[in-house]
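Residue numbers (the working numbering): 23 to 317. No residue lacks a Cβ here, since even glycine has one placed at the ideal position from N, Cα and C. Every value quoted in this text rests on a predicted model; they were computed, and no experiment measured them. Worksheet: one structure, shown below.
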Amino acid sequence: MSEQVKRNIFIVVILVLLGQAVFYSVGIQKIEQDYKKEEKRKIEMTQIMDTVPLDAFAVSIYDISSNKEIYGRNDELPLPIASIAKVMTVVTALTDKSNNEINISFNALMQPNDYGFFVNEKFDKKELSKFILVGSSNDGAYALGESTEDFIDKMNTKAEKLGMEDSIFINTTGFDEDESLAGAYASASDVNTMVMYALLSDREIFEVSALPMISIYSLDKVVHKIHNTNNFLDQMPNIIFSKTGFTDLAGGTLSVVYKDINGHEIAITVLGSTYNGRFTDLIRLVKKLETAYKP
């Protein structure tokens with residue numbers, strides 16, 4: 023190989039290395055600019071959303087379509103979540119593919135509130151899950167928990183795998199154990215994580231939660247109807263998912279996913295509100311997002 027060829031190769035290598043260095047430098051600058059822009063956006067959104075008056079103690083808002091947090095207020099604090107816990111109950115039950123027939127035991131019927139079931143009535147697991155999500159059936163959720171050994175442990179293991187570090191499930195219904203111990207605790211951010219996973223894992227089942235009413239048949243050919251516990255569904259267009267909760271310890275809780283004016287799927291969870299305040303909190307947050315949030 024001649025000296026001239028060697029020199030040409032050397033020059034080419036140097037030019038390539040210089041080009042890579044420039045490209046790398048430009049890439050780093052772009053990442054830094056995007057990071058600063060995102061941090062500025064978060065600060066501005068926080069300042070705007072902090073002005074929204076709420077009954078809720080904690081709020082978490084997440085843009086699922088863009089995979090980014092929009093806003094949080096006390097969103098990392100573990101709080102009682104009441105019947106929102108049933109989302110994890112259904113997720114855990116549907117994960118078990120070995121048993122698709124659920125029996126309503128006497129103990130299940132002893133849970134708070136009457137949903138019209140009778141002892142030893144049997145249901146397809148998916149149909150019962152839909153009923154639970156729409157009407158927050160305590161007996162149905164309890165029955166799901168009886169269908170598999172170590173069910174509560176499996177709920178908590180699933181939460182751990184999802185990175186829900188501020189969560190613990192004590193029962194399958196979310197109903198208060200006593201005057202000082204709630205049935206389940208989670209942060210508002212963790213609830214959004216749980217809901218997003220639920221929709222990803224079985225969207226067909228969890229989207230039913232947005233229906234105003236549902237009818238299902240048990241395997242014993244008995245029809246059961248139930249209305250949605252979210253009375254504000256007609257005031258929220260494009261709802262994809264909805265789950266309410268209320269106990270003495272939790273107060274009013276609510277988690278929804280809806281499609282916003284930009285076509286993005288947005289998850290909102292409010293915890294520590296009041297019975298009616300959870301709904302007005304949601305409406306106020308959505309109205310502010312319509313004017314303030316630009317994906």
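Met-235, enclosing beta strand (DSSP E) - first and last residue: Taken as a continuous stretch (DSSP letters only), the beta strand (DSSP E) holding Met-235 covers 235-239.
Bounding residues of the beta strand (DSSP E) (the contiguous stretch that carries Ile-283): Looking at the DSSP string, Ile-283 is not in any beta strand (DSSP E), and its letter there is neither H nor E.
At least 3 beta-carbon pairs within less than 8 Å: the region 301-310 vs the region 222-242: no
Euclidean distance between Cα positions of Ala-210 and Val-292: 7 Å
From Pro-234, Ile-174 and Leu-184, residue whose alpha carbon lies closest to that of Gly-205: Ile-174
The beta strand (DSSP E) enclosing Val-81, as first and last residue numbers: 80-85
Asp-188 (DSSP reduced to helix, strand or coil): coil
Cα-Cα separation between Arg-63 and Lys-281, rounded to whole angstroms: 21 Å
Per DSSP, cross-strand counterpart(s) of Val-112: Answer by DSSP bridge pairing: none, since Val-112 is not bridged.
Paired residues, beta bridge with Pro-102 - DSSP: Tyr-207
Inter-residue Cα distance where the pair is Asp-77 and Met-71: Asp-77 and Met-71: Cα-Cα distance of roughly 14 Å.
Best match in Asp-188, Ser-240 and Gly-294 for proximity to Lys-152 [C-alpha to C-alpha]: Ser-240
Exposure label - Ser-88; buried when at least 16 CB within 10 Å: exposed
From Asp-85, Glu-61, Ile-36 and Gln-69, residue whose alpha carbon lies closest to that of Gly-285: Asp-85
Three-way DSSP call (helix, strand, coil) for Glu-91 in this model: Here Glu-91 sits in strand by DSSP.
Straight-line gap, Val-279 to Tyr-93 (C-alpha atoms, nearest Å): 15 Å
Burial state of Glu-143 (16 or more Cβ within 10 Å): buried
7 Å Cβ shell around Thr-296 - same chain, five flanking residues per side excluded: Once the five neighbours on either side are set aside, the close Cβ partners of Thr-296 are Asp-77, Gly-273 and Gly-274.
The alpha helix (DSSP H) enclosing Asp-152, as first and last residue numbers: In the sequence as presented, Asp is not what sits at residue 152; that position holds Lys. Its alpha helix (DSSP H) spans residues 147-157.
The beta strand (DSSP E) enclosing Phe-268, as first and last residue numbers: Where Phe-268 is concerned, the enclosing beta strand (DSSP E) stretches over 261-269.
Close Cβ partners of Val-245 (< 8 Å) along its chain, the five nearest in sequence each way excluded: Ser-237, Ile-238 and Tyr-239
Where Lys-62 falls: helix, strand or coil (DSSP): The DSSP-derived three-state label of Lys-62 is helix.
Sheet register partners of Glu-123 (DSSP bridge): Asp-146
Backbone secondary structure at Val-217 - three-state DSSP: helix
DSSP bridge partner residues for Ile-248 (one or two, in chain order): Bridge partners of Ile-248 according to DSSP: Ile-236.
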